[in-house]
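Chemist: Counting from 1, position 114 in the sequence shown corresponds to residue 163 in the numbering used here; the numbering is continuous, with no gaps. C-beta: ideal position from N, C-alpha, C; glycine also. Source: prediction; values computed, not measured.
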Amino acid sequence: LPNVASEIGDTTPTMIFPIDITISDAVDEMVGKIVDRFGRIDVIVNCAGVAPLVAMDQMTPEIWKSVLNTNLSGPFYVCRAVWPVFRKQNTGKQNGGVIVNISSESARDPFNGFAAYGAAKAGLNLLGKAMAKEGEPFGIRVHTIAPAAVETDMFRKIVSPEAYPPENTLLPDDVARVVVQCAAGDLACSSGEVIYVHRRLS
């Protein structure tokens, strides 16, 4: 986070919050500080995640709760905290705001060992659909992006290049481009839908 902040800080006012999004009070405090400094929030991107490969006969209640808390409850806490801010910002001339949730292809086609992760992401998909319906009267758009495998450190901790060659994965920038399209309103008609990203765009 400090590296990203230093890259954009010369041209864009920046704040960083290394928080645990599974703690709702910490999320509420973060949103409050952002509004205090900048006066508004235009876009929220929920991209925190954990994805351990755990077989069903090895799945403990602790692992299950950890995966669902990070991948589903955490994004819910963020959306809940920003919701009244977005509603207040909706003036008729200006929309309330945009939520972008990063889901996964695993929500509908999980790897073996992804029972908890797939279940959490499937829940996130439905949460996005429900919020989009509820938010539409207030100018709140909710987009859900579900990429296939993305070439990240987290992915490589659980899947080797031999098992899943790098040329078959997406790049982070491929997903980021879709996030920007959602935030900018280019995909406004997809609010409430799941956008599946299957191949590299570059």
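Between T60 and V76, what straight-line distance do the alpha-carbon atoms span, to the nearest angstrom?
Modeler: 26 Å
Chemist: Is it right to say D223 is buried, meaning 16 or more other beta carbons lie within 10 angstroms of its own, or is it exposed?
Modeler: buried
Chemist: State the Cα-Cα distance for the pair N161 and I207, rounded to the nearest angstrom.
Modeler: 11 Å
Chemist: By DSSP's criteria, V103 is part of a beta bridge. Which residues make up the other side?
Modeler: Paired residue(s): none; V103 is not in a bridge.
Chemist: Can you name the start and end residues of the beta strand (DSSP E) that I93 belongs to?
Modeler: 92 to 95
Chemist: In angstroms with no decimal places, state the Cα-to-Cα distance between V94 and V191.
Modeler: Roughly 10 Å between the two C-alpha positions.
Chemist: Could you check what DSSP says for Y213 in three-state terms: helix, strand or coil?
Modeler: DSSP places Y213 in the coil class of the three-state scheme, outside both helix and strand.
Chemist: Tell me which residue opens and which closes the alpha helix (DSSP H) that P296 is part of.
Modeler: Given a span of 50 to 251 for the chain in the structure shown, any question on residue 296 remains unanswerable.
Chemist: If I follow the unbroken alpha helix (DSSP H) through I207, where does it start and stop?
Modeler: 202 to 207
Chemist: Please report the Cβ distance between V127 and I70, rounded to the nearest whole angstrom; I am assuming they are in contact, meaning their Cβ atoms lie under 8 Å.
Modeler: 6 Å
Chemist: Are the beta-carbon atoms belonging to S152 and V243 less than 8 Å from one another?
Modeler: yes
Chemist: Let me make sure I understand the geometry here. Which of L102, P62, V149, G58 has the alpha-carbon closest to that of A237?
Modeler: V149
Chemist: DSSP on I83, reduced to helix/strand/coil?
Modeler: helix
Chemist: Does the Cβ-Cβ distance between G145 and G188 come in under 8 Å?
Modeler: yes
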